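Residue numbering for the sequence shown follows our numbering, beginning at 1428 and increasing consecutively.
Cβ coordinates follow ideal geometry from the N, Cα and C atoms, glycine included.
For clarity, every value in this text was computed on a predicted model and none was experimentally measured.
Presented below is the structure to which this report refers.
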Amino acid sequence: MSTIQSAHAGPGPLATAPLFLSTIVEPNVFFTIDDSGSMDWGPMVANGTAGLATTGGLPIIDGEDRAYYAHSFSRLYDGSRYVLPPADGTRADWDLGWVARTHHGNLNYYNPTVTYSPWPGSKADGSPMYDDADPTNALKDPFDPSGESVDLTRSYNITPGDADDMFDRNIAVNNFWIAVYFEWNDTDNDGVIEQSDGRTRIVIPTDRPAEMQNFANWFQYHRTRINATKAIIGTTINNTDASRMGMRLFNDDQLKDVETMSDKDKKRELLEAFYDYDIPAQGTPMRRSLEETGDYFQETGGSAPILSAAKGGECQQNFNILMGDGFWNGGDPGVGNRDINGGDGNTPFDGNASESNDGGNYADNWEETLADVAMDNYERDLRGDLANKVPTTPNIDEADHQHLVTYSIAFGITGTLDPANPAHDPLSASFPGWPDPDNGNPERVDDMWHAAYNGRGRYFSAQQPDELEIALGAAIADIAERTATSSAVAFSSAKLTTDTTVYLAEFNSNRWQGDLFAYKIDPATGDLAASAEWSAGSELLSRSYSGDPRTILTYDGTAGIKFQWGQLTPAQKQDLRKNPAGGDDVDAVADARLRYLRGERTNEGAGEFFRERLSILGDLVNSGPVYVGKPALNWPDTAPFPTGTSSYSEYKNNSPATTRDGMVYAAANDGMLHGFAEADGVEEIAYIPNSLFSTGLGQGMHYLTDPNYGHRYYNDLTPTVSDVYADLGTGTNWQTILIGGLRGGGRGIYALNVNDPNDFSEANAADLVVWEFTSNDDINLGYTYSQPQIALANNGKWVAIFGNGYNDLGDGEAKLFIVDIEAGVDGTWAPGDYKVITTSSGSAADRNGLATPRLADVDGNGTVDRVYAGDLKGRMWAFDLKDASSTFWNIPGLAPMFTTVGGLPITSKPVLAKHPTEPDSATNYPNIMVFFGSGQYLTNADKSTTDLNYFYGVWDRGVNSLINSDLVRQNYDSTYDPFRVLTNNPVNYAAGDDGWYFDLRDTGERSVVAPAIRGDLVLFNTFVPESDPCSSGGYGWRFAVDLATGGSPLEAASDTNGDGVIDSNDAVNNGTDDAYIAATSEDGFLSDDAFIGEYAYASDKKKEVPPFDKIPTGRFGWQELIQ
C-alpha cells in the first residue's frame, strides 16, 4: 500500500462571514414621501383631542373667546391667527394657546425628555454633514447656512395685528422668549387637555447651555413635520449599508433613483437631495405617485431599479415605503378596481379573483383607490424579461415574479378603522370591510391601510415623530426579515411526543442579528406548529437593562468573573478602551462600551458612539443549539465508571438534577455563549471567553460596538454537553459540563459547569467557569473548528478530545488534543494535564490541521478506545486509546488509515458503524466502517474551486495506508439520468475489499457536513457553490446510499414522486429496470440533518424547518458508537 502525497497548503485565510451569503442581492427599498403643504406645518394634533380639533385639515386651538390657528413656526404671529402665546403673560395663563408650546398637545413641539440631534450623514472626508445648531443663529433651513436665522437666546416684542417674520432680525426686543415650553398637569386625570388643567411655563435660560443646545437642535432640525421626517428617514438611510435605496416625493417626478447604500458617495447624494428639497405647498397626489413608482420599477437598462439577470434581478426583492400626513387627492391613477379583478393576466396573480391573490378581504367595490394601485404594483410583472425567482414568504407574499411590496405610514392622521382593534384586522372573521374612500378623509386613511394589505406589506399609524421613527424602524425590520437567513436545530427529547419541541437557531445578515425559536412538533406528522412558543431574540430585546440585569460571565485567566467593569483584567479593560480609530477612549466610554455589550441601548445609533443593532442577540451562523434537560445518557454502572451510590443511574434517577429546568445553549457572534430557559426563552446565563478580548484592529469585543463593523466570527462553534464524574471545583461527583470552542472566532476552548441552572448568577462565576484552554497554553492549537468530544478515557480520566483545527502558530502539523477535564480547574495547564498526539503531517510552511473527531467504544464498556479524524491533506487518521496508560496512546503504524484521491481535504466529522457483514475477529480489530467525504468550504477561495471530490466507506480492520484502489468504486448509471442512481457493484470484504467509494460528480461538489447512519443507509449532504447571485450561494444533493456497498438504496429512501409516501412507487425506470435514486438536489447550503424519531430536520432559509422524508430501518441495524 502507498499514500498519495498532497500538495495542498493549509486552508488559507479563513472566511470572516458565511460564504454562501457573499453574493446576496441587495433589496430595493424605495421611499414615496408626502411633500404636500401640510408637511411644512409645525404643529401636529393627535386625533382631534378635546380642546384641540381639526377643521379642513388645519389644526385649531380653542381659546376662551376665539379660535387661534396654530400656524407654521415660520411666523410668530400671522394676522389674527396666534401661534405662540402673546408677550402678555396674563393672557397665556388662561388661554389654551399654551397648548401649541407643549409636546402634550402639539406633538411635534420640543420635548425636554428627547435628545435632538442634527440630521445624520457624512461628508466625503467623513466629518458630519451637519453640526449642532447655534442657539444664537438657528437656521430656518439647515441646508442653507447663509439663509435666514433667528437668535434663540434673546426675547422679542410681538405687536398684535402684524405679520412679524421671526427670522427678521429687526424685530424689536421686548420680553417674548422663544425657548419656552409648557408642562401639562392633568388636574382631573382624564387624559384630556382642558382649560381648567394646570400647566407650568418653563423658560430655558442661557445659563443652561446643554438644554439650550437641545432646544436649538429641535428648532433647526425637527421643528416642522418635514424636518422631523428628514431626520428620521435620514437616520434610516444613513444606517443602511445592505440595501439599494431611492426616493420620490408626491409632487416631484423623481427625487433620486435607486442606488446602493454600500457606496458612501451614493448615500450622501441621496441624503443631500432629500435635505435640500423644499415643500412646494401643493396637494397630496398619493395615488398617482404610487402608480408612478410602480412604473419606475418597470424600467429597463443600466439605470433601472431592478437589476439585470447577471446581477441578481431575477431574485431581487422590491419594497416601497409610502408615507403621508394628509388625505389623498388629485387625479385618478387609471387602474380601475384592481383588487377585485382585472389586468392582463401576465402573471398568475394578475386579475385572478379565484385565487388568494385578490378578491376576499383584499377587495372592495370602489375603483381608483390607493389600494387598487398597490394591488396593481403587486400583481403585475414589473420585469417580464427576467425569470421569476423572487423569494416568497409563506402566507404573506407568495409571488415569485418581480413585484412591489407596499408599506404605508399614516403620519398624524387616523381613519375609521383602528389597527389596535382585533375586529378591524382584515384577517379577522369580524372584519367590517373596507370603507369607500370617497366618503371622507378618515376613509382615505383606511385606504392607506388597505394599500399595505394589498401590497403584502404592513400599515403603521404614527401620531407623532417618535412613533414615525418606530414605524419606519418596524418597516425596515420587517423588510430585513424577508432577506436570507439560515438555521440549525436541536430537540427537547430523543423521541417524538406531544411535548417535543424543536429549537431553531437563525441569523439574518442585515445588521447581523440572531434569534432562537421554540416550536412544538406534531408527533403524528412531524410538522412544526404554525407559530413559535417563544423567540429568545425578542425576549432579550424587550428585557429591561436596569430592571432585569443579565448574568454575564467571563474569565480572568485563572477563574470565572463577572462581566462588570470593576472585575475585568487590565487586558480586558484595554480592549474596551479601543475606539475605531485605534486610539484609547477614557474609562467612562469604555464602561459604556461594556454596558452596550450587556444590552444597554442608550449610546447606539445615529449621533452616538456605537453601532446600531436590530437585535441584542448576535448572529448564530455555524453554532447549532444544544438542549440540556434532566440527565438522560446511558453511562454504565459498572467499572471503570462509578458504582453503587455514586453510579450514574443514581444521579440520573435520584439526584436534584432530575428536576432541573431545561436549558438551550447556543454560541453567537456577539461573543457570547447563551443559555436560554426551555420554558420561555429567557436568557439565564451568558459567557464571553477571555480569548476573545483583543486590542487588534477589527478584533476584540470593542469591535462589536464599531459603527463601521463588518462581520467577523467570535463564538461560532456548536458546544458539546455531557455528564461527567469529576471534580469541577466543587468536589468529585456527577456534574453536567459544557465545552465550547470559537471555530473561526479564535484559538480557544472553554468549559462551563451547567449542572444546575438555579446556580446561574454572577456571584457564582468562579464555580460556573471551569477553565479555558487556548493557543497561549499550546501554540499548536489553531482556530478551533474541531468540536470537542467528551468521554471517559481508559486511564480513568474524563477528557475532552478535539483536533487542533486550522492555521495554528506552531509547527503546522495536524494533532489530536486529549485534555483532562479536571486538570484545568486550578487555572493552570501543566505537563501531563493534556496529551497531544501528532500525525507528523504538515509543517510551518505547509500547514495541516485536524477536523472534528468521532469516538469509538470498541469493547462496549463505555470508554473511548479509538478516535477517527480527517485532515487538510486528505488523510483519515485512526488514534488508538485502548491502553490504560496514556503513554501508549498512539497512531497505529504511525500512518494514516486512508488517504483521499488527490489528497483532497477532509473537513467534516466522520460517522462510524460496526461492520454490517463481517463478525469481529482477532485479525480485523476494530472492525469498524468509517464514512466520510472530501471537500473544503472554509475560505473565500473555496467558492471557486472545481476539484472532483469523493465519498468513502472504509473498513478499519487494522490495516493502514489505504487508498482508493483498495476500495470498490460505484458509478452513476447514466441510463437513469437526470436521476442520480448508483451502481451496486459487489464489495467482497471477505476477499480483501476494504470498502467503497464514488465521486461527487458536479463540478465543485463537496462533502463538508457530517454524515449520519439510519438503518442500513448512510445519509449525507453535499454542496456546490455557485456565483449566480440568485442561487442561494449554490445548491446541494441529499444522499442516501447503501451502507455495505455505497450503491443506491435497495428500498426507497426518498419521496421521488412527491405523493407524500415513501414506497415502491418512488422507483425510477430507465426503460428496462426499476431503481431507487441515491440523491435528490435542493437549492441552498444543506447543513447537518438533525434526527428525531423517523424524521430528520434540516436548516431552512425562511424560518420553516419542514420534516424530511421518513427513513426506513433496514435489515442490518447499527450500533451507535460514542458520539
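8 Å or more divides the Cβ of Thr-1833 from the Cβ of Asp-1827.
Nearest neighbour of Tyr-2364 by Cα position, chosen from Gly-2237, Asn-2484, Ser-2514 and Asp-2286, turns out to be Ser-2514. For Asp-2347, the CB contacts under 7 Å within the same chain, skipping 5 residues up- and downstream, are Asn-2354 in chain order. The secondary-structure analysis by DSSP pairs Gly-2167 across a beta bridge with Tyr-2177.
Ranked by Cα distance from Ile-2217, the options Arg-2174, Trp-1611 and Gln-2162 are led by Gln-2162. When the beta-carbon positions are compared, Leu-1717 and Leu-1749 come within less than 8 Å of each other.
Of the candidates Asp-1926, Asp-2501 and Tyr-2352, Asp-1926 places its Cα closest to the Cα of Ala-1951.
For the pair Pro-1712 and Gly-1757, the CB atoms are nearer than the 8 Å cut-off.
Just so you know, the alpha carbons of Asp-1893 and Asp-2253 end up roughly 53 Å apart. With a cutoff of 8 Å on beta-carbon distance, Asp-1559 and Pro-1572 are scored as not near each other. Here Phe-2315 is exposed. Its C-beta has fewer than 16 other C-beta atoms within 10 Å. Fewer than three Cβ pairs drawn from the segment 1955 to 1971 and the segment 1985 to 1994 lie within less than 8 Å of each other, which leaves the two stretches out of contact. In this structure, DSSP gives Ala-2059 a state outside helix and strand, which the three-state scheme calls coil. According to DSSP, residue pairing for Ile-2206 in a beta bridge does not occur.
For Ala-2059 and Thr-2085, the gap between their C-alpha atoms comes out near 9 Å.
Under the DSSP assignment, Lys-2242 falls in the beta strand (DSSP E) whose first and last residues are 2242 to 2247. In this structure, DSSP gives Phe-2187 a state outside helix and strand, which the three-state scheme calls coil.
Scanning Ile-2245, Phe-1677 and Asp-2183 for the CA closest to the CA of Asp-2150 turns up Asp-2183.
The alpha-carbon separation between Ile-1629 and Trp-1611 amounts to approximately 11 Å.
By the C-beta density criterion, Gln-1709 is exposed, having fewer than 16 other C-beta atoms within 10 angstroms. In terms of Cα proximity to Lys-1694, the closest of Leu-1682, Phe-1677, Arg-1715 and Asp-1668 is Asp-1668.
Contact check for Arg-2025 against Glu-2031 fails: the beta carbons are separated by 8 Å or more.
In its own chain, leaving out the 5 sequence neighbours on each side, no residue places its CB closer than 7 Å to the CB of Thr-2065. Ranked by Cα distance from Met-2099, the options Asn-2160, Arg-1977 and Thr-1843 are led by Arg-1977. Inter-residue distance for Val-2435 and Pro-1438 is about 13 Å (C-alpha atoms, whole angstroms). The C-beta of Asp-2374 has 16 or more other C-beta atoms within 10 Å across all chains shown, which makes the residue buried. Per DSSP, Arg-1635 lies in no beta strand (DSSP E) segment and is marked neither H nor E.
Nearest neighbour of Ala-1902 by Cα position, chosen from Asn-1866, Ile-1664, Asp-1865 and Gly-2460, turns out to be Ile-1664. Contact annotation, Trp-1604 with Ser-1582: C-beta distance approximately 5 Å; criterion of less than 8 Å satisfied. Three or more Cβ pairs drawn from the segment 2118 to 2132 and the segment 2164 to 2176 lie within less than 8 Å of each other, which places the two stretches in contact.
Approximately 7 Å separates the beta-carbon atoms of Asn-2096 and Trp-1939; this is inside 8 Å, confirming the contact. Across the set Ala-2272, Ile-2333, Ser-2267 and Asp-2286, the C-alpha of Ile-2333 shows the shortest separation from the C-alpha of Tyr-2295. Closest in C-alpha terms to Asp-2194, from the list Gln-2214, Asn-2160, Tyr-2210 and Gly-2156, comes Gly-2156. Between Arg-2274 and Gly-2230, the C-beta gap is not smaller than 8 Å, which leaves the two residues out of contact. Under the criterion of beta carbons closer than 8 Å, Arg-2004 and Asp-2011 qualify as touching, at roughly 5 Å. Annotation: the continuous alpha helix (DSSP H) that includes Ala-1901 extends over 1892 to 1908.
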